[in-house]
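Undergrad: Position 456 (the sequence shown) corresponds to 456 in the UniProt record's numbering; numbering is contiguous.
Glycine included, every Cβ here is placed at the ideal spot set by N, Cα and C.
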Amino acid sequence: MANEEDDPIIQEIDVFLARSLLEKLYLFQYPIRPASMTYDDVTHLSAKIKPKQQKVELEMAIDTLNPNYCRSKGEQIALNVDGTCTDETSTYSSKLMDKQTFCSSQAASNVSRYAAAVYKKGELHLTPLHGILQLRPSFTYLDKADAKHREREAANEGGDSSQDEAEDDVKQITVRFSRPETEQARQRRVQSYEFLQKRQAEEHWVHLHYYGLKDSRSEHERQYLFSQGHGLAENTELIKSPSEYLMMLMPPSVEEENEKPMAPSNVLSMAQLRTLPLADQIKILMKNVKVMPFANLLGLLGSGTDPTAVLRCVQQVALLVQGNWVVKSDVLYPKDTSSPHSGVPAEVLCRGRDFVMWKFTQDRWVVRKEVAAVTKLCPEDVKDFLEHMSVARINKGWEFMLPYDEDFVKKHPDIVQRQQMLWMGIQAKLEKVYNLLKEQLTPKKKEAQSAHPLLVSGEQRVNMAKAKVKQNYGQLEKEFQRQKAEMKSSDSSAKPDVANIRIKEEPVSVEEPMDTSAHEGLNNGLVNGLHPAQGPLDPVNGHLPGGCIDRVAQELKAFVSSTFKKQFVLTLSELKRLFNLHLASLPPGHTLFSGISDKMLQDMVLDTGCKQILVPFPPQTAASPDELKVYALWEAGDTYDQHRQVLLEIFSKNYRVRRNVIQSQLSQECGEDLNKQEVDRVLKVSFCSLW
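1) Have a look at Leu-683 and Leu-386 and give me their C-alpha separation to the nearest angstrom.
2) What residue from Asp-14, His-209 and Glu-221 has the CA that sits closest to Leu-22's CA?
3) Compute the Euclidean distance between the alpha carbons of Val-344 and Gln-417, then round it to the nearest angstrom.
4) Looking at Cys-610: is its Cβ nearer than 9 Å to the Cβ of Ala-584?
5) Check this for me: beta carbons of Lys-55 and Ser-104, under 9 Å apart or not?
6) I'd like the span of the beta strand (DSSP E) that includes Thr-361, first residue to last.
7) Considering only the alpha carbon of each residue, which of Phe-226, Lys-468 and Ser-303 lies closest to Ser-20?
8) Return yes when the Cβ of Leu-96 is within less than 9 Å of the Cβ of Ala-115, no when it is not.
9) Are there three or more Cβ pairs, one per stretch, closer than 8 Å when the stretch 312–323 is compared with the stretch 359–366?
10) The beta strand (DSSP E) spanning Cys-103 covers which residue range?
11) Mapping DSSP to helix, strand and coil, what is Phe-617?
12) When the Cα of Thr-563 is compared with those of Phe-579, Arg-551 and Asp-550, which residue comes out closest?
13) Select from Ser-94, Cys-85 and Lys-283 the residue whose C-alpha is nearest the C-alpha of Ile-62.
14) If you reduce the DSSP assignment to three classes, tell me which class Gln-554 lands in.
15) Taking Glu-380 and Ser-390 to be in contact with their CB atoms under 8 Å, please state how far apart those CB atoms are, rounded to whole angstroms.
16) Using the rule of at least 16 other Cβ atoms within 10 Å of the residue's Cβ for burial, across every protein chain shown, is Ser-241 buried or exposed?
17) So the alpha helix (DSSP H) Met-250 belongs to, where does it begin and stop?
18) Which term fits Asp-405, buried or exposed, when burial requires 16 or more other beta carbons within 10 angstroms of its beta carbon?
19) Can you tell me which of Asp-330, Gln-420 and Leu-58 puts its alpha carbon nearest to the alpha carbon of Pro-31?
20) Would you mind listing the beta strand (DSSP E) stretches within the stretch 125–156 that are 3+ residues and don't spill past its ends, in chain order?
21) For a quick check, are the C-beta atoms of Ile-132 and Gln-29 less than 9 Å apart?
22) Suppose the cutoff is 7 Å on Cβ atoms and the five residues either side in sequence are ignored; what does the same chain contact list for Gly-212 look like?
23) Just confirm the distance between the C-beta atoms of Lys-52 and Glu-202, as a whole number of angstroms; I'd bet it's less than 8 Å.
24) Given this structure, state the Cα-to-Cα distance separating Ser-338 from Gln-427, to the nearest angstrom.
25) How far does the beta strand (DSSP E) with Tyr-404 in it extend, from its first residue to its last?
26) Thinking C-alpha only, which one of Arg-577, Ile-284, Arg-188 and Pro-618 is nearest Arg-656?
27) Let me check one thing: in DSSP terms, what residues is Val-651 bridge-paired to?
28) What does a CB cutoff of less than 7 Å around Leu-298 pick up in its chain, not counting 5 residues either side in sequence?
29) Determine, using beta carbons only, whether Leu-402 and Asn-324 come nearer to each other than 9 Å.
30) So, with DSSP's three-state summary, where would you put Asn-395?
31) Taking Arg-136 as the reference, which of Ile-613, Met-464, Lys-396 and Thr-101 has the closest Cα?
32) For my contact list, Gln-665 and Val-646 are in at a C-beta cut-off of 8 Å; report their separation, rounded to the angstrom.
33) Tell me which residues share the same chain as Lys-335 and place their Cβ nearer than 7 Å to its Cβ, disregarding the 5 neighbours each side in the sequence.
34) Can you tell me where the beta strand (DSSP E) with Trp-423 in it begins and where it stops?
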């Protein structure tokens, strides 16, 4: 409201629509004239028009007496065009370039929104324009000059020849009969540039008479720019609501698009596509894309589209292959068409392409030689079929280009069942046409399941591991008691095999059992590398004596400290592997054979000055829980402590970082301008166990 008060209405003007010059009024746009041509002294010598093409030619006189006119240039141009002879065919009879020709071209294809306005006595009169023509200088006189030059050269050469050479030689003439023109050849000829130019040249010029600005006839014609009657009957178009009036001034863009030339067949405008019915949209999309998941199809159709209607329409133009929609063959090869490579009719092409699609319903891989041997089509046609829906793999064949869409198969079992019935009918037809054998009907391998592996989250893996431990715990306990009884009865002096050592498995009730499944081959009648009969440290009620606990803690701390000083960053899985190797190198009866749990090992890592780095691994990662736990020595006392801490901070925010980001972050935090080699050295020293 404040803006309206600051900008008050000064005057209201009545608008009238004049119809007297409707479809007769043109706007001419002249170029910038040279100084020798002005609007006051220009004389139109002649004017002509081709109404169908809306093409105009104007011939204007040039003021040769103007001081800005170069007389020598004008004489030279006239001499080049007409030569020394002066006759009726001469372009410049005065032997001076004293006129200029202007040719028109359309400035806009749609001029329905343009009008000429005349303001008089508080009234605005509008007359719609029928065309806007831009006038540009025509240089056809240069073509005449070139033609004259060639004629003079030919005449000079002919004059030097002798009388004998002037006699015509007898030449043999070959008569050829043209073949009957086909419909396709005629259409190509009609659409050719030469044919269009010929048709435009055949239209006759209509000569016009030019009237000057101050001529009485011009004054009379200018009166038609005003509305002849001010009644409502003459201006019903302007008695509209504001929205209708704006629609008249600015028509929808769809009208312009309908008048634009047709785009190539491989170019698709999404703006034009949205104006079509849903069935036509899906048909055009599938014909251009060939293979598409249902989710992508919905995304291209825009928000708010009913998925049920899309499913109903897509089944009319596509078939389901491995959960994805593939366009039908009869859509790509309509009736009465043929192959551009071999000329094979569309029916044969459709059968061959259906065979390729059916093969992909049986297997993810197809061999081109097998398809060519069955369909008996040329290699180019078979290659076109395969390129529509698959990708070539070296030494393997052609693989279906999209992964198996398991989500669509689970959500729409009724559609999948209906499509399977359709494929059964297509298979029956293919059997009759190609005489397929049983070996060709049965797939070699059922790789559909392996092609789309299921993703298992980390929590599911943990639950599966706990269930497996509970299942095997009873069997392991019985095996342990049996081995213990056998060892007590055998010779206690037998030396154990240090290679068969594993970390003691905790009971099932422990939250984080140490996973030693990778080292199950080390168990051969030994518990933690110590023969039960030889163990000097027998637990009392499941607990170790106090002095033994201190010795175990000291030995474990020494191992953890020395390990992290060599390899500054370790996962729990790698640390357990190194601990198993360390136990294998110890003599029998060592204190570390008393049993070390995951919790004891992790607590000792934290007590030795290490920190757990919470790396944000992606939720769909296939790593085990122990591989997701990362520990790092925070201060090692070397020159790379600061660099290492910066790197650990970076990886605590993202599990994958670009090298240039690491380089810039190190340079910013450490105040050093590190090059690529120095960054590589820091990464190698800090993460030698992981990278």
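TA: With the structure as the only source:
1) 46 Å
2) Glu-221
3) 33 Å
4) no
5) yes
6) No beta strand (DSSP E) holds Thr-361; the alpha helix (DSSP H) holding it covers 346–362.
7) Phe-226
8) no
9) yes
10) 99–106
11) coil
12) Phe-579
13) Ser-94
14) helix
15) In fact, because the Cβ distance is near 16 Å, the residues do not count as touching under 8 Å.
16) exposed
17) Counting along the chain, Met-250 falls outside any alpha helix (DSSP H), and DSSP gives it neither H nor E.
18) buried
19) Leu-58
20) 131–137
21) yes
22) Ser-218
23) Lys-52 to Glu-202, Cβ: 10 Å. No contact.
24) 24 Å
25) Taken as a continuous stretch (DSSP letters only), Tyr-404 belongs to no beta strand (DSSP E), as it is neither H nor E.
26) Pro-618
27) Val is not the amino acid found at residue 651; the sequence shown has Phe there. Its beta-bridge partners do not exist; DSSP assigns none.
28) Thr-305, Pro-307 and Val-310
29) yes
30) coil
31) Thr-101
32) 6 Å
33) Ala-346
34) Unbroken run through Trp-423 is the alpha helix (DSSP H), 413–434; no beta strand (DSSP E).
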